[in-house]
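Numbering (the working numbering), first residue to last: 811 to 1082.
Beta carbons are placed, not taken as given, at the ideal position from N, Cα and C, and that holds for glycine.
Note that the structure is predicted; figures quoted are calculated from it, not measured.
Structure first, commentary second.
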């Protein structure tokens, strides 16, 4: 599930911050195209007044990844999203299912118009996007949903950083099966292959986790452009510093200082 907002201004960096209507949370999002990529394929939505936050990462190296993440953003931003948390989540799921079908149709049409050969799987090239979502009913109940390797982290007062989401990637599968070590995963040739995304399969599968919220705790939604360069220990330290806006900026700055080979997006949400 998801909700989002796009993107960096012409200089490649962007931010937005807000306060939820009933003071659910204070939040801030930032995005940068990095030092290598020419296009920012990341999108995010910072919608505190409705208790919804999302990061989407257009599938890098594929055709029109920025189009995929932007379509998710536009579709969800235009939705009314009224009613209970359950009602809103059902509406978001329906929207993402429609986006999934639209992206599949777009990739098929593009392949046909360009007379492009199918991939090794016999399918047209993928136009898709990861998605990571946090939705809050109030200051007490939230839901995290995701597909792909964009992550959701949680930092509670006095606790260590927790990765709420689990990566849908080839490397994560190998790690679970004990086929490779975490150190080997850093340089494995298949480290950029994801196994779920909006637009990658006929049916969209989203994973979800219900969370009890507590005042002062923070969530970080981010694209893998951040986690490729920063350790969990570094993320946890910076996430806990200053305001949500300051934490966002520090996370982006450290990533840029290390080369930022991919687009990088951070969205920090502090429960009020």
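Per DSSP, cross-strand counterpart(s) of residue i
{"i": "residue 1079", "result": "837, 1029"}
{"i": "residue 941", "result": "957"}
{"i": "residue 1072", "result": "Residue 1072 is not bridged to any residue."}
{"i": "residue 854", "result": "865"}
{"i": "residue 964", "result": "972, 1029"}
{"i": "residue 952", "result": "946, 1021"}
{"i": "residue 1008", "result": "939"}
C-alpha distance - residue i paired with residue j, whole-angstrom precision
{"i": "residue 1070", "j": "residue 845", "result": "5 Å"}
{"i": "residue 980", "j": "residue 939", "result": "16 Å"}
{"i": "residue 960", "j": "residue 862", "result": "16 Å"}
{"i": "residue 814", "j": "residue 987", "result": "In this predicted model, residue 814 has a pLDDT of only 32, less than 50, meaning its place in the structure is not dependable; the value taken from the coordinates is given anyway. When rounded, the distance between both Cα atoms is 33 Å."}
{"i": "residue 1004", "j": "residue 1035", "result": "14 Å"}
{"i": "residue 1018", "j": "residue 973", "result": "13 Å"}
{"i": "residue 1022", "j": "residue 893", "result": "20 Å"}
{"i": "residue 898", "j": "residue 1049", "result": "28 Å"}
{"i": "residue 853", "j": "residue 1000", "result": "24 Å"}
{"i": "residue 866", "j": "residue 1002", "result": "16 Å"}
{"i": "residue 1066", "j": "residue 874", "result": "24 Å"}
{"i": "residue 880", "j": "residue 1052", "result": "30 Å"}
{"i": "residue 1059", "j": "residue 976", "result": "25 Å"}
{"i": "residue 831", "j": "residue 1081", "result": "At residue 831 the pLDDT is 47, less than 50, meaning the model places this residue with poor confidence and gives no usable figure here."}
{"i": "residue 850", "j": "residue 990", "result": "31 Å"}
{"i": "residue 1042", "j": "residue 970", "result": "10 Å"}
{"i": "residue 1055", "j": "residue 1028", "result": "12 Å"}
{"i": "residue 956", "j": "residue 944", "result": "9 Å"}
{"i": "residue 912", "j": "residue 1009", "result": "8 Å"}
{"i": "residue 985", "j": "residue 1061", "result": "26 Å"}
Beta-carbon spacing of residue i, residue j below 8 Å
{"i": "residue 982", "j": "residue 869", "result": "no"}
{"i": "residue 962", "j": "residue 1031", "result": "yes"}
{"i": "residue 1068", "j": "residue 1026", "result": "no"}
{"i": "residue 836", "j": "residue 949", "result": "no"}
{"i": "residue 1075", "j": "residue 917", "result": "no"}
{"i": "residue 1139", "j": "residue 889", "result": "Limits of the chain in this structure are 811 at one end and 1082 at the other, which puts residue 1139 out of reach."}
{"i": "residue 946", "j": "residue 864", "result": "no"}
{"i": "residue 1020", "j": "residue 1079", "result": "no"}
{"i": "residue 965", "j": "residue 839", "result": "no"}
{"i": "residue 1073", "j": "residue 887", "result": "no"}
{"i": "residue 1077", "j": "residue 1040", "result": "no"}
{"i": "residue 877", "j": "residue 937", "result": "yes"}
For residue i, the first and last residue of its enclosing beta strand (DSSP E)
{"i": "residue 1024", "result": "Unbroken run through residue 1024: none, as it is neither H nor E."}
{"i": "residue 921", "result": "No beta strand (DSSP E) holds residue 921; the alpha helix (DSSP H) holding it covers 895 to 923."}
{"i": "residue 867", "result": "862 to 867"}
Element boundaries [alpha helix (DSSP H), containing residue i]
{"i": "residue 883", "result": "875 to 887"}
{"i": "residue 1067", "result": "1054 to 1067"}
{"i": "residue 1036", "result": "1034 to 1037"}
{"i": "residue 807", "result": "No statement about residue 807 is possible, as the shown extent of the chain runs from 811 to 1082 and does not include it."}
{"i": "residue 993", "result": "992 to 995"}
{"i": "residue 981", "result": "980 to 986"}
Check: residue i C-beta below 7 Å from any heavy atom of the ligand HEM
{"i": "residue 895", "result": "Judged by which ligands are present, the structure shown has none, so any question about the ligand HEM falls away."}
message: For the structure I just gave you, are there three or more beta carbon pairs, one from the stretch 912 to 927 and one from the stretch 844 to 863, closer than 8 Å?
response: no
query: Is the number of C-beta pairs between the stretch 1008 to 1018 and the stretch 899 to 907 that are closer than 8 Å three or more?
result: yes
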